[in-house]
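First residue of the sequence shown? That's 8 in this note's numbering, and the numbers climb one at a time after it.
Working notes, beginning with the structure itself.
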Amino acid sequence: MAHTSPAGDNAASVRLVEGFSLEMTGKDIPGLQEAQSTIPAGTKINVTFLGNEDLEMRVAASKAVVDMGFVPVPHISARRLSSQAQLEEYLDRLQQVGASSSVFSVGGDPAEPEGPYPDSLSVIRTGLLQKYGATEVSIAGYPEGHPDIPNDVLWKHLEDKSAALKEQGLDAVILTQFAFDTDPVTTWVNGVRERGITSEIRIGTPGPAGIKRLIGFARRFGVGANAMIVKKYGFSLTNLMGTAGPDKFVTDLAAELAQNPASGDVKLHFYTFGGLKATSEWARDYIAARV
8 MAHTSPAGDN AASVRLVEGF SLEMTGKDIP GLQEAQSTIP AGTKINVTFL
58 GNEDLEMRVA ASKAVVDMGF VPVPHISARR LSSQAQLEEY LDRLQQVGAS
108 SSVFSVGGDP AEPEGPYPDS LSVIRTGLLQ KYGATEVSIA GYPEGHPDIP
158 NDVLWKHLED KSAALKEQGL DAVILTQFAF DTDPVTTWVN GVRERGITSE
208 IRIGTPGPAG IKRLIGFARR FGVGANAMIV KKYGFSLTNL MGTAGPDKFV
258 TDLAAELAQN PASGDVKLHF YTFGGLKATS EWARDYIAAR V
């Protein structure tokens, strides 16, 4: 593969990282406070919808994001919702704290839906996101596939969700599961664009974290983590005690995207397995070294 010049690589790398988004749980308010000074104002911060957290924790975390000058993107886990009333209560509470304009509609983990919503498309089609002030909705993308869903079904879901949001006049962002390998990512980005979907794409990647922790999350989410893949990412399975960051992945991805203008608008989303502060400091230092 031909490479752009080092200066071009640096510029492409900075473009890719600038405007990054982060992820936190309902328990991470102290971590967000600790990281606040290292996160650019206006940064999007996704707030997860975990089974071991409740409404109050999710709303409190979203409010903290607003209060610190960032943009909350609360997750709505379709299969965890027990009723339309629960969905409306959540959206109403988010709207009350100024956190309902950007949301992430995702299917969620339970094998059986806990209520009337089997997938994120069924939530989008209710029209309730719009009713409670949503103007932008993130939807999931899976560059390396999904352990329980065939690829043709994933593509159909992505097309249907994109079309439903467009029909409702809502902006869409495609947010991906985290990846270690740039090859399936760039192939998948091309596939999105070939289907006529022009929405912003945010490629998920882990912030700096312990190697054992990274591999554990990869296995849990069905992401490829064999020896060849992790070597491409920049660490070895023989040294599980170390810490790894996304430097090589981000630099290689930026160079590959820069060679294909048809990739369109692509940014990064960091899964903060090693903490919000470590991740935001990494992004700050990565950019500073290249400008």
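Backbone N, C-alpha and C fix where the C-beta goes; we use that ideal spot for every residue, glycine too.
As the structure is a prediction and not an experimental result, all values here were calculated from the model.
Asked, Found
"Excluding the 5 residues flanking residue 30 on each side, which residues of the same chain have their C-beta closer than 6 angstroms to its C-beta?", "53, 278 and 279"
"Across the region 155-163 and the region 124-137, are there enough close Cβ pairs to call them in contact, namely three or more that are closer than 8 angstroms?", "no"
"Does residue 176 come out as helix, strand or coil in the three-state DSSP assignment?", "coil"
"Candidates 205, 287 and 289: which alpha carbon is nearest residue 268's?", "205"
"Hey, quick one: how far does the beta strand (DSSP E) through residue 147 stretch, first residue to last?", "143-148"
"Write down every uninterrupted run of the alpha helix (DSSP H) in the region 19-54 whose length is 4 residues or greater and which is fully enclosed by it, in chain order.", "36-42"
"In terms of residue numbering, what span does the alpha helix (DSSP H) encompassing residue 264 cover?", "254-265"
"Since residue 182 sits in a beta bridge, which residues does DSSP pair it with?", "147 and 209"
"Go through its chain and collect everything with a Cβ distance to residue 150's Cβ below 6 angstroms, but skip five positions before and after it.", "183, 186, 191, 192 and 195"
"Could you check whether residue 215 and residue 285 sit closer than 7 angstroms to each other, using their CB atoms as the reference points?", "yes"
"With contact counted as at least three CB pairs below 8 angstroms, one residue from each stretch, are the region 70-82 and the region 102-117 in contact?", "yes"
"According to DSSP, simplified to helix, strand and coil, what is residue 83?", "strand"
"Do you know how far the Cα of residue 108 is from the Cα of residue 334?", "Any question about residue 334 goes unanswered here, given that the chain covers just 8 to 298."
"So, residue 73 versus residue 42, is the Cβ gap smaller than 7 angstroms?", "no"
"Determine the extent of the beta strand (DSSP E) in which residue 273 is found, giving its start and end residues.", "273-278"
"Using the Cβ count rule (16 or more neighbours within 10 Å means buried), how would you classify residue 211?", "buried"
"Could you please give the first and the last residue of the uninterrupted beta strand (DSSP E) stretch that includes residue 89?", "Segment: none, residue 89 is in no beta strand (DSSP E) and carries neither H nor E."
"Apply the 10 Å Cβ neighbour rule to residue 281 and answer buried if 16 or more other Cβ atoms are within range, or exposed otherwise.", "buried"
"Would you mind stating whether residue 17 and residue 297 have Cβ atoms separated by less than 7 angstroms?", "yes"
"Whose C-beta lies closer than 6 angstroms to the C-beta of residue 290 among residues of the same chain, with five residues either side of it excluded?", "24 and 27"
"Within 10 angstroms of its Cβ, does residue 168 collect 16 or more other Cβ (buried), or is it exposed?", "buried"
"Taking only the alpha-carbon atoms, compute the straight-line gap between residue 181 and residue 64 and give it to the nearest angstrom.", "25 angstroms"
"Grab the span of the beta strand (DSSP E) containing residue 69 for me, first residue to last.", "Looking at the DSSP string, residue 69 is not in any beta strand (DSSP E); the run it does join, the alpha helix (DSSP H), is 62-74."
"Which stretch, first to last residue, makes up the beta strand (DSSP E) that contains residue 109?", "109-113"
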